[in-house]
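*Asks:* Each residue of the sequence shown is one higher than the last, beginning at 212 in this note's numbering.
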Amino acid sequence: MSSIPAPSQDTLDKLRAVGTATVSMQLLKRGLRHVSINGVKPLRPDQGCVVGPAYTLRFLPLREDLSDPAVLGAPGYGPRVAIEACPEGAILVVEARGIATTGTIGDILTARLAKRGVAGMVVDGAVRDGAGVSATGFDVWCLGAAPPASITQLSGGDVEIPVACGDVTVFPGDVIVCDGDGAVVIPAKLAAEVAEDSVEQDRFEGWVQARVEEGRPTIGLYPPNAETKAEYEAWKAAGGQ
212 MSSIPAPSQD
222 TLDKLRAVGT
232 ATVSMQLLKR
242 GLRHVSINGV
252 KPLRPDQGCV
262 VGPAYTLRFL
272 PLREDLSDPA
282 VLGAPGYGPR
292 VAIEACPEGA
302 ILVVEARGIA
312 TTGTIGDILT
322 ARLAKRGVAG
332 MVVDGAVRDG
342 AGVSATGFDV
352 WCLGAAPPAS
362 ITQLSGGDVE
372 IPVACGDVTV
382 FPGDVIVCDG
392 DGAVVIPAKL
402 AAEVAEDSVE
412 QDRFEGWVQA
422 RVEEGRPTIG
432 LYPPNAETKA
442 EYEAWKAAGG
452 Q
């Protein structure tokens with residue numbers, strides 16, 4: 212189990228306020244380029260920004276003896292364990308091998324996650340019963356919807372292990388930020404500092420946006436040169452909002 216403390220509510224709130232674009236830039240400044248989960252989009256257009264620590268689930272390639280329908284009710288079957296074990300406020304991150312032609316979860320299990328207070332789910336695969344999943348109000352980032360059950364193309368794997376979701380490595384406890392642009396992974400040890408610097412980046416970019424709307428050219432403004440940085444700092448010192 213990781214010794215890194217869970218993210219504070221303050222950290223989660225700051226990340227929720229800034230979103231994925233700002234977070235990805237802060238990670239880029241720290242040398243992390245491969246953090247945006249490929250292909251996933253919000254299932255509903257009104258999902259907003261959702262943030263939480265990752266609880267992971269892995270699907271494996273299909274092997275018929277592991278994917279008989281009877282396995283769905285077997286004790287210890289990973290996908291069902293995840294539904295009851297994913298903590299309140301966490302984001303269920305599912306490695307589904309990028310397969311968009313079979314569903315990994317449907318409306319009943321989604322309703323259970325919502326009832327238990329799970330914050331959302333990110334899966335590099337599809338859901339089943341897309342309209343029903345949407346109707347639960349549970350926030351899902353995925354590749355779309357497909358009718359077949361997961362066991363037609365996948366075998367259930369383990370939970371709370373490192374996974375490759377959308378070609379991005381995710382460890383249990385990493386912080387996931389999801390919004391209309393997609394989903395970004397923050398290594399848990401960096402979450403607090405990324406949140407803090409993201410808030411400052413958003414404040415600066417808001418100031419820049421106001422200058423652009425005044426008619427200022429972007430050269431020397433964004434990215435800022437020394438004069439722009441001094442002007443911004445003076446604005447902050449004067450209590451600029």
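Quick reminder that beta carbons are idealized off the backbone N, C-alpha and C, glycines included.
#1: Quick check: what's the CA-CA separation for Asp224 versus Gly287?
#2: What residue does the beta strand (DSSP E) around Ile387 start on, and which one ends it?
#3: Please classify Thr312: is it buried, with 16 or more other beta-carbons within 10 angstroms of its beta-carbon, or exposed?
#4: Residues bridged to Leu271 by DSSP?
#5: Could you have a look at Leu432 and say whether DSSP puts it in helix, strand or coil?
#6: I want to know whether the segment 346-355 touches the segment 399-411 - three or more CB-CB distances under 8 Å.
#7: If you draw a straight line from the C-alpha of Trp446 to the C-alpha of Val229, how long is it?
#8: Count the other CB atoms, across all protein chains shown, that sit within 10 Å of the CB of Met212; report buried if there are 16 or more and exposed otherwise.
#9: Would you kindly work out how many angstroms separate the C-alpha atoms of Leu283 and Leu320, rounded to a whole number?
#10: If contact is defined by three or more beta carbon pairs under 8 Å, each pair taking one atom from either stretch, is the segment 424-432 in contact with the segment 257-272?
#11: For Trp352, write down the residues that DSSP places opposite it in a beta bridge.
#12: Helix, strand or coil: which one does DSSP assign to Glu371?
#13: Are there 16 or more other CB atoms within 10 angstroms of the CB of Arg339, so buried, or fewer, so exposed?
#14: Please classify Ser366 as buried or exposed, where buried requires at least 16 other C-beta atoms within 10 Å of its C-beta.
*Replies:* Taking the geometry as given:
#1: If you number the sequence shown from 1, residue 224 lands on position 13. If you number the sequence shown from 1, residue 287 lands on position 76. C-alpha separation (whole angstroms): 34 Å.
#2: Within the sequence shown, numbered from 1, the residue matching residue 387 stands at position 176. Its beta strand (DSSP E) spans residues Val386 to Asp390.
#3: Start at 1 with the first residue of the sequence shown, and residue 312 comes out as number 101. Thr312 is exposed by the Cβ-count criterion.
#4: Residue numbering aside, residue 271 sits at position 60 when the sequence shown is read from its first letter. For Leu271, which the question treats as bridged, DSSP gives the partners Ser366.
#5: Within the sequence shown, residue 432 is the residue found at index 221, counting from 1. Coil, per DSSP.
#6: no
#7: Looking up residue 446 in the sequence shown gives position 235. Looking up residue 229 in the sequence shown gives position 18. So the two alpha carbons sit approximately 21 Å from each other.
#8: As a working note, residue 212 is residue 1 in the sequence shown. With a pLDDT of 47 at Met212, under the threshold of 50, the predicted position of this residue should be treated as unreliable, and no value is reported.
#9: In the sequence shown, the residue the question calls residue 283 occupies position 72. In the sequence shown, the residue the question calls residue 320 occupies position 109. If you take the alpha carbons of Leu283 and Leu320, they lie about 12 Å apart.
#10: no
#11: Start at 1 with the first residue of the sequence shown, and residue 352 comes out as number 141. Per DSSP, Pro253 and Val333.
#12: Indexing the sequence shown from 1 puts residue 371 at position 160. In this structure, Glu371 counts as coil in the three-state DSSP scheme.
#13: Residue numbering aside, residue 339 sits at position 128 when the sequence shown is read from its first letter. Flag for Arg339 reads buried.
#14: Numbered from 1 along the sequence shown, position 155 holds the residue referred to as residue 366. Looking at its Cβ environment, which holds 16 or more other Cβ atoms inside 10 Å, Ser366 is buried.
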